[in-house]
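Just so we're aligned, residue 905 is where the sequence shown starts under the numbering used here, counting upward by one.
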Amino acid sequence: MKEKLEKLAKLKREASLGGGIEKIESQHSKGKLTARERIAFLIDEGSLEEIDMFVKHRSSDFGMTDQRIPGDGVVTGFARINGRPVAIFSQDFTVFGGSLSETHAEKICKIMDMAMKIGIPIIGLNDSGGARIQEGVISLGGYADIFLRNTLASGVIPQISAILGPCAGGAVYSPAITDFIFMVKNTSHMFVTGPNVVKTVTHEDVSFEALGGAETHASKSGVAHFISDSEMEVFHNIRKLLEFLPSNWKDTPQEKNFDFNQNLLCPGLDEIIPDSPNKPYDMHQIISNLVDDSEFLEVHSEYAQNIIVGFGRIGGLAVGVIANQPSVLAGVLDINASVKGARFIRFCDAFNIPLLVLEDVPGFLPGTEQEWNGIIRHGSKLLFAFCEATVPKVTVIVRKAYGGAYDVMNSKHIRGDFNYAWPSAEIAVMGPKGAVEIIFKKEISKAEDHELKLNEKLNEYIEKFANPYIAAERGFIDDVINPSETRLRLVNAFQLLKNKVDNNPKKKHCNIPL
Ligand code: HXC
């Protein structure tokens, strides 16, 4: 037995070296960690249960028979993060550049299938040259097997992708289907076709970083939800994110202990809205006053900054926050903001995370650019996402709620559970100036002093409509509250809604406007 144990230890030692010391050094010299080091930094210490360490590829073309490395370029298994189980795979660039072979794909599919059966999140650490070229269509089949599983797992278990090296060609579509993508500045690259192909086809000169680096995908394309300066920061942020998520769609996020006797009043909020309705302010200030310990994990923080989305806790309960940002484009809803908001809402709804909406929105962005690119199609995604969501939904209108945007931003009419407004709220079909110029056009043009008449009508309109009380008269707003008591009201609202049950009609699936 002793010999057998020694043999096992030797085989495991060899397997754990992946492509060997030289390749590990080369990986380090690029500022990248190895597949195993990454797992070790991400998970609770010593919690990895690795499987399929001895799997080797079956390919024999192009001299591959002599190059069968145990593990075949991916480390897979189960581990604990914050004490909770997860499934994990980490591609090993030291073995054929982390390229995906038939067996490499089988290993990933195996843990995905297990993660689905058990109901635990799956985390993929991607660092790969794509399909294993020596295996041809067999490796393409492997990708398709993963894509199918990503799709079937969507909305069942949280799926998290970290891109820690190259991720090119069709390979990008696996992370793209998952719920969250993390990238590292300067080392992660995602593109469907690389700079060389781009040069040939479109004659554009573009670097790897500019085409598909972390900054690009965080701010321009919206592909990356979180970006970091280092891999270690990625692992820290994944752990943070998981704190807000349940393990699967039947589960609820873990509740944190909360002292309900603490002072929940926030006097600073009474001063936050500027006297002039056109003056911007930073919505982050309101969010940090409302969430527990001012802790807010912002998602997509560099993309479509006119809307803010992210996770926080209120009264110990995890919530997803969707907030207009008056300091960027006056908080207007455009195509990118609509898509960003909709995707986030659907994630939260799929995983039983209640929604808090903080509203200060002048409407949808006008213009040919928006119309021709489909603000109708894309704006409807946000509306659709709010309408279909059955999780607890609470809205606070802090200032503007104009036009269709009033309806869209989780109004009472689309199943907002508690809809509050601050006394500074302005709820109407459109802003005062636009409205007065339309409905009093003739009167103003006939007046001797146009300016005087316009101002007279403006004041009349503001007095009548630029307030929350007409909506409150109808019950569209449940209460007009002091800003300083908002946190208290939200803690109570989300506690009350904890056991809320609401359903949508049975169907095969909905047809969200795509
Ligand atoms: C087999 C690969 C490989 C691949 C890299 N290697 N990519 N082996 N299949 N796809 C191997 C290299 O031969 C090399 O082996 C080792 O990995 C490290 O690669 P280097 O090129 O030395 O590393 P680096 O300079 O860092 O460049 C990394 C890279 C480059 C940018 C990823 O290797 C590259 O461009 N690879 C090809 C990428 C690609 O076109 N893949 C197919 C995409 S299409 P040795 O033994 O020399 O160390 C695709 C379709 C998916 O993936 C479709 C799904 C629908």
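Heads up, the beta-carbon is just placed ideally off N, CA and C, and yes, glycines get one too.
In this text the structure is predicted, and so the values were computed from the model without any measurement.
- Item | Distance cut-off 7 Å: arginine 1036 Cβ against heavy atoms of the ligand HXC | The residue labelled residue 1036 in the question sits at position 132 within the sequence shown. If you check the C-beta of arginine 1036 against the ligand HXC, you find a heavy atom less than 7 Å away.
- Query: Tell me, which residues are paired with phenylalanine 1095 by DSSP?
  - Reply: Residue 1095 sits at position 191 when you count from the first residue of the sequence shown. The partner list for phenylalanine 1095 (beta bridge, DSSP) reads Ala1072.
- Task: Check whether the Cβ atoms of valine 1295 and proline 1258 lie closer than 8 Å to each other.
- Result: Taking the first residue of the sequence shown as 1, we reach residue 1295 at position 391. Taking the first residue of the sequence shown as 1, we reach residue 1258 at position 354. Cβ distance < 8 Å, so valine 1295 and proline 1258 count as in contact.
- Task: Kindly give me the distance between the Cβ atoms of aspartate 1083 and phenylalanine 1251, rounded to whole angstroms, as I take these residues to be in contact under 8 Å.
- Result: For the purposes of this step, residue 1083 is taken as the residue at position 179 of the sequence shown. For the purposes of this step, residue 1251 is taken as the residue at position 347 of the sequence shown. Yes, they are in contact, since the Cβ atoms of aspartate 1083 and phenylalanine 1251 sit about 6 Å apart, within 8 Å.
- Message: Three Cβ pairs or more, each shorter than 8 Å: is that satisfied between the stretch 1217–1228 and the stretch 1181–1193?
- Response: yes
- Task: Please name the residue or residues paired with glutamine 995 in a DSSP beta bridge.
- Result: Here residue 995 refers to the residue found at position 91 when the sequence shown is read from its first residue. In the DSSP output, where bridge partners are listed per residue, glutamine 995 has Val978.
- Keeping to the same chain, check which residues put their C-beta closer than 8 Å to that of leucine 857; ignore five residues upstream and five downstream. In the structure as shown, the chain begins at 905 and stops at 1418. Residue 857 is therefore absent and cannot be evaluated.
- Enumerated in chain order, which unbroken segments of the alpha helix (DSSP H) with a length of 4 residues or greater are wholly contained in the stretch 1160–1229? List check, alpha helix (DSSP H) in window: 1187–1194.
- Near asparagine 1386, what residues of its chain come up, given a Cβ to Cβ distance below 7 Å and the 5 sequence neighbours on each side ignored? Indexing the sequence shown from 1 puts residue 1386 at position 482. Correct list, in chain order: Asp1174.
- Query: Could you give the residue range of the alpha helix (DSSP H) that holds glutamine 1274?
  - Reply: Taking the sequence shown and counting its residues from 1, the one referred to as residue 1274 is at position 370. From DSSP, the alpha helix (DSSP H) with glutamine 1274 extends over 1272–1276.
- Message: Any heavy atom of the ligand NAD closer than 7 Å to the beta-carbon of phenylalanine 1095?
- Response: Among the ligands present in this structure, namely the ligand HXC, the ligand NAD is not found.
- Message: How far does the alpha helix (DSSP H) with isoleucine 1331 in it extend, from its first residue to its last?
- Response: Along the sequence shown, one-based indexing puts residue 1331 at 427. Premise fails: isoleucine 1331 lies in the beta strand (DSSP E), 1330–1332, not in any alpha helix (DSSP H).
- Message: Between the stretch 977–991 and the stretch 1018–1025, can you find at least three pairs of beta-carbon atoms closer than 8 Å?
- Response: yes
- Express the C-alpha separation of histidine 1129 and glutamate 859 in angstroms, rounding to a whole number. There is no way to answer for residue 859, as the model of the chain reaches only from 905 to 1418.
- Item | Distance, lysine 1357 Cα to arginine 1131 Cα | Position 227 of the sequence shown holds residue 1131. Position 453 of the sequence shown holds residue 1357. A small correction: the amino acid at residue 1131 is isoleucine; arginine does not occupy that position in the sequence shown. So the two alpha carbons sit approximately 53 Å from each other.
- For phenylalanine 1251, three-class secondary structure by DSSP: The residue you call residue 1251 lines up with position 347 of the sequence shown. Here phenylalanine 1251 sits in helix by DSSP.
- Message: Looking at the secondary structure, which residues open and close the alpha helix (DSSP H) in which leucine 1286 lies?
- Response: Taking the sequence shown and counting its residues from 1, one reaches residue 1286 at position 382. Leucine 1286 -> alpha helix (DSSP H) spans 1279–1292.
- With distances taken from CA atoms, which of Met968, Leu1146, Ser951 is nearest alanine 983? Working through the sequence shown from its first residue, we reach residue 983 at position 79. Nearest option by C-alpha distance: Ser951.
- Kindly indicate which three-state DSSP category serine 1132 falls into: helix, strand or coil? Here residue 1132 corresponds to residue number 228 of the sequence shown, with the count starting at 1. In the three-state reduction of the DSSP assignment, serine 1132 falls in the strand class.
- Query: Do you know whose CA, among Asp976, Gly1045, Tyr1324, lies nearest lysine 1011's CA?
  - Reply: Taking the sequence shown and counting its residues from 1, the one referred to as residue 1011 is at position 107. Out of Asp976, Gly1045, Tyr1324, Asp976 has the C-alpha closest to the C-alpha of lysine 1011.
- Message: Distance check for glycine 1245 and glycine 1214, CA to CA, integer angstroms please.
- Response: The sequence position of residue 1214 within the sequence shown is 310, counting from 1. The sequence position of residue 1245 within the sequence shown is 341, counting from 1. Those two C-alpha atoms are separated by around 10 Å.
- Have a look at the DSSP bridge pairing and note the partners of threonine 1299. Reading the sequence shown from its first residue, position 395 is the one you call residue 1299. Bridge partners of threonine 1299: Val1261, Asn1323.
- Could you name the residues of the same chain whose beta carbon sits closer than 8 Å to that of valine 1384, not counting the 5 residues immediately before and after it, in chain order? In the sequence shown, residue 1384 corresponds to position 480, counting from 1. For valine 1384, the CB contacts under 8 Å within the same chain, skipping 5 residues up- and downstream, are Tyr1324, Ala1325, Trp1326, Pro1327, Ala1329, Pro1372, Tyr1373, Ala1376 in chain order.
- Message: Just verifying my parser: in three-state terms, what is the DSSP assignment at lysine 1304?
- Response: Position 400 of the sequence shown, counting from 1, holds the residue named residue 1304. In the structure shown, lysine 1304 sits in a strand (DSSP, three-state: E or B).
- Do the stretch 928–947 and the stretch 965–981 touch if we need at least three Cβ pairs shorter than 8 Å? yes
- Task: Would you kindly report the start and end of the unbroken beta strand (DSSP E) that includes valine 1041?
- Result: Here residue 1041 refers to the residue found at position 137 of the sequence shown. Note, valine 1041: premise wrong, no beta strand (DSSP E); alpha helix (DSSP H) at 1041–1057.
- Name the one or two DSSP bridge partners that glutamate 954 has. In the sequence shown, counting from the first residue as 1, residue 954 sits at position 50. BP columns for glutamate 954 point to Gly981.
- Report buried or exposed for phenylalanine 966, applying the criterion of at least 16 other Cβ atoms within 10 angstroms of its Cβ. Counting from one through the sequence shown, the residue named residue 966 turns up at place 62. By the 10 Å Cβ count, phenylalanine 966 comes out exposed.
- Item | Beta-carbon proximity of phenylalanine 1095 to serine 1078, cut-off 8 Å | Residue 1095 sits at position 191 when you count from the first residue of the sequence shown. Residue 1078 sits at position 174 when you count from the first residue of the sequence shown. Their beta carbons are not under 8 Å apart, which means phenylalanine 1095 does not touch serine 1078 by this criterion.
- Query: Three-state secondary structure (DSSP) at asparagine 1359?
  - Reply: Taking the sequence shown and counting its residues from 1, the one referred to as residue 1359 is at position 455. Helix.
- Are asparagine 1141 and glycine 1117 touching if we call contact CB-CB under 8 Å? The sequence position of residue 1141 within the sequence shown is 237, counting from 1. The sequence position of residue 1117 within the sequence shown is 213, counting from 1. No, Cβ-Cβ distance for asparagine 1141 and glycine 1117 is not below 8 Å.
- Which of helix, strand or coil DSSP assigns to serine 1032: Position 128 of the sequence shown, counted from the first residue, corresponds to residue 1032. Correct three-state label for serine 1032: coil.
- Message: Is the separation between the beta-carbon of alanine 913 and that of methionine 957 shorter than 8 Å?
- Response: Stepping through the sequence shown from its first residue, residue 913 is reached at position 9. Stepping through the sequence shown from its first residue, residue 957 is reached at position 53. No. Outside cutoff.
- Item | Endpoints, alpha helix (DSSP H) assigned at serine 920 | Position 16 of the sequence shown, counted from the start, is the residue given in the question as residue 920. Note, serine 920: alpha helix (DSSP H), 906–920.
- Please name the residue, chosen from Asp1197, Asn1165, Thr1007, Glu1206, that lies closest to alanine 1122 on a Cα-to-Cα basis. Along the sequence shown, one-based indexing puts residue 1122 at 218. Of Asp1197, Asn1165, Thr1007, Glu1206, the residue nearest in Cα terms is Glu1206.
- Message: Taking its Cβ as the centre, do 16 or more other Cβ atoms sit within 10 Å of valine 1105, making it buried, or is it exposed?
- Response: Here the question's residue 1105 lines up with position 201 in the sequence shown. Exposed, by the Cβ-count rule.
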